[in-house]
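Numbering (the numbering used here), first residue to last: 72 to 405. All C-beta atoms in this analysis are idealised placements derived from N, C-alpha and C, irrespective of residue type, glycine included. Working notes, beginning with the structure itself.
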C-alpha cells in the first residue's frame with residue numbers, strides 16, 4: 072500500500088451538475104468523527120509496512136466543509152510518514168479564507184488540486200454558483216504563490232470542450248499550476264444518464280490530440296517545475312501506440328492494488344468514485360490491515376471484467392479492463 076485516499080466528507084458547499092459522489096445517496100450522520108479519523112491513520116501507520124508509502128489524497132464532497140479538518144491533519148501528521156498530503160477542493164473556502172494555506176503547510180499538505188471546469192460562464196453554470204470561477208482561480212493562484220504543487224483539474228464535457236485550449240492558455244499564463252489535468256466526464260453520479268454532457272468518441276479523440284500536442288511540447292521539461300505539465304486523468308485506455316504520449320505514465324487503475332480508500336463513513340474500499348457495492352469492510356468494526364490483506368480480490372484479479380470487447384483484446388495485459396469505477400464499454404477508446 073502506497074497511497075491512502077480519504078473521502079473526508081460527502082457534504083459540499085456546492086451542488087454541481089456532474090457530482091460523482093452526491094450526498095443524497097448516503098446517510099450523512101454516519102460521517103467519521105475527528106478522533107476516529109486520527110485513530111484509523113494511526114492504526115495504518117502501526118500495522119502496515121510504510122517503507123514505500125507515498126502520499127495521502129483527501130477528497131470529498133468538499134474537504135473544507137469539515138470544520139475539524141486542521142485538527143485532523145494535526146493529529147494525523149504526528150506520524151512522520153504522513154508528510155505528503157494533497158487536498159482536492161472547489162476553491163471556495165480557500166479563496167474566502169486564504170490564511171488556511173499557511174495553516175495547511177504546518178500539517179504536511181504539499182499539493183492543492185482545484186477544479187476549474189471551463190471559463191467563467193461554463194464553470195459557474197456547471198458548478199451551480201455565480202462567482203465560482205473567480206474564486207477557483209483565486210484559490211489556485213494563491214496556492215501557487217505559496218509554493219504548493221497545484222493541479223488545475225478540468226472535467227471535460229460536451230459543453231465546455233470548445234474552451235479547453237483557451238482555459239489551458241489562461242491557466243498557464245495567469246494561474247501557473249504545476250499540472251493541467253483533464254478528466255472525461257463519466258456516466259456516474261448525477262451524470263449517469265445525462266447524455267447532454269457526455270462526450271462522443273470523436274470528442275474524446277479531439278481531447279487526446281490536444282493533450283498529445285501539449286505533452287510533446289514540454290515532455291523534455293518534465294522535471295522543470297516552472298513548466299505546466301498536462302495529463303489525462305483515469306479516463307480511457309488508448310492502446311499501446313498512444314499511451315505514454317499524452318500523459319507522463321501508462322495508465323493502470325491502482326484502486327485496491329496500492330491505493331487504499333477510507334470512505335466518509337469509515338467503510339474501506341479505494342477510490343470514492345467506485346460504487347459502494349465494492350466496499351470491502353468497515354474500519355469501525357474491523358482491522359484495516361486484515362481487510363486489506365484478506366479481501367480486495369475483485370480489485371486485484373480483474374478477470375471478471377474480461378467480457379465484451381475486453382474478452383479477446385490484445386491490450387488486456389496492460390489495461391485489465393480499465394478503472395474500477397467504469398464498465399468496459401464506457402472506458403476503452405479502441
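Identified DSSP bridge partners for residue i
{"i": "residue 389", "result": "Looking at the DSSP assignment, residue 389 forms no beta bridge with any residue, so it has no partner."}
{"i": "residue 326", "result": "330"}
{"i": "residue 128", "result": "76 and 157"}
{"i": "residue 252", "result": "224 and 302"}
{"i": "residue 353", "result": "338"}
{"i": "residue 182", "result": "157 and 220"}
Alpha-carbon spacing of residue i relative to residue j, whole angstroms
{"i": "residue 315", "j": "residue 301", "result": "12 Å"}
{"i": "residue 152", "j": "residue 141", "result": "17 Å"}
{"i": "residue 409", "j": "residue 210", "result": "Shown here, the chain extends from 72 to 405; a query on residue 409 therefore has no answer."}
{"i": "residue 273", "j": "residue 283", "result": "15 Å"}
{"i": "residue 160", "j": "residue 335", "result": "16 Å"}
{"i": "residue 387", "j": "residue 308", "result": "10 Å"}
{"i": "residue 255", "j": "residue 271", "result": "10 Å"}
{"i": "residue 88", "j": "residue 193", "result": "11 Å"}
{"i": "residue 344", "j": "residue 123", "result": "25 Å"}
{"i": "residue 325", "j": "residue 367", "result": "12 Å"}
{"i": "residue 381", "j": "residue 311", "result": "15 Å"}
{"i": "residue 389", "j": "residue 126", "result": "24 Å"}
{"i": "residue 361", "j": "residue 176", "result": "33 Å"}
{"i": "residue 96", "j": "residue 240", "result": "37 Å"}
{"i": "residue 99", "j": "residue 132", "result": "11 Å"}
{"i": "residue 332", "j": "residue 150", "result": "19 Å"}
{"i": "residue 117", "j": "residue 205", "result": "43 Å"}
{"i": "residue 90", "j": "residue 346", "result": "13 Å"}
{"i": "residue 348", "j": "residue 359", "result": "18 Å"}
{"i": "residue 378", "j": "residue 103", "result": "37 Å"}
{"i": "residue 365", "j": "residue 114", "result": "17 Å"}
{"i": "residue 322", "j": "residue 385", "result": "16 Å"}
{"i": "residue 190", "j": "residue 249", "result": "19 Å"}
{"i": "residue 219", "j": "residue 154", "result": "13 Å"}
{"i": "residue 158", "j": "residue 167", "result": "16 Å"}
{"i": "residue 433", "j": "residue 128", "result": "Since the displayed the chain opens at 72 and closes at 405, residue 433 lies outside it and no answer follows."}
{"i": "residue 289", "j": "residue 119", "result": "38 Å"}
{"i": "residue 247", "j": "residue 238", "result": "12 Å"}
{"i": "residue 139", "j": "residue 329", "result": "28 Å"}
Best match in the options for proximity to residue i [C-alpha to C-alpha]
{"i": "residue 17", "options": "84, 89, 88 and 101", "result": "What is shown of the chain runs 72 to 405, which leaves residue 17 out entirely."}
{"i": "residue 296", "options": "251, 348 and 320", "result": "251"}
{"i": "residue 232", "options": "207, 381, 279 and 247", "result": "279"}
{"i": "residue 313", "options": "281, 331, 348 and 146", "result": "281"}
{"i": "residue 317", "options": "338, 219, 148 and 287", "result": "287"}
{"i": "residue 375", "options": "119, 393 and 363", "result": "393"}
{"i": "residue 337", "options": "348, 357 and 327", "result": "357"}
{"i": "residue 327", "options": "350, 379, 320 and 319", "result": "350"}
{"i": "residue 319", "options": "285, 347, 74 and 378", "result": "285"}
{"i": "residue 165", "options": "139, 207 and 289", "result": "207"}
{"i": "residue 339", "options": "329, 330 and 352", "result": "352"}
{"i": "residue 134", "options": "119, 146 and 83", "result": "83"}
{"i": "residue 215", "options": "74, 245 and 154", "result": "245"}
{"i": "residue 156", "options": "195, 74 and 190", "result": "74"}
{"i": "residue 106", "options": "119, 128, 146 and 86", "result": "146"}
{"i": "residue 85", "options": "195, 329 and 330", "result": "195"}
{"i": "residue 230", "options": "267, 289 and 257", "result": "267"}
{"i": "residue 257", "options": "238, 247, 306 and 237", "result": "306"}
Cβ separation of residue i and residue j, assumed to be a contact under 8 Å, to the nearest whole Å
{"i": "residue 269", "j": "residue 304", "result": "That belief does not hold up - the Cβ atoms of residue 269 and residue 304 are roughly 16 Å apart, past 8 Å."}
{"i": "residue 396", "j": "residue 259", "result": "6 Å"}
{"i": "residue 76", "j": "residue 341", "result": "7 Å"}
{"i": "residue 80", "j": "residue 137", "result": "5 Å"}
{"i": "residue 261", "j": "residue 299", "result": "The pair is not a contact, with the Cβ atoms about 30 Å apart (cut-off 8 Å)."}
{"i": "residue 203", "j": "residue 163", "result": "7 Å"}
{"i": "residue 178", "j": "residue 213", "result": "Between residue 213 and residue 178 the Cβ distance is about 18 Å, and since that is not below 8 Å, they are no contact."}
{"i": "residue 363", "j": "residue 72", "result": "6 Å"}
{"i": "residue 130", "j": "residue 78", "result": "5 Å"}
is_contact[residue i, chain C] using C-beta, thresh 7 Å
{"i": "residue 386", "result": "Checking the listed chains, one finds no chain C in this structure; it contains a single protein chain."}
*asked:* Would you call the region 199-206 in contact with the region 221-228, where contact means no fewer than 3 C-beta pairs closer than 8 Å?
replied: no
*Touching or not, the region 206-225 and the region 177-186, by the rule of three or more beta carbon pairs under 8 Å?*
yes
_Segment contact, 8 Å Cβ cut-off, at least three pairs: the region 108-127 with the region 165-176_ = no
_Three-pair Cβ contact test at 8 Å for the region 287-295 versus the region 370-377_ = no
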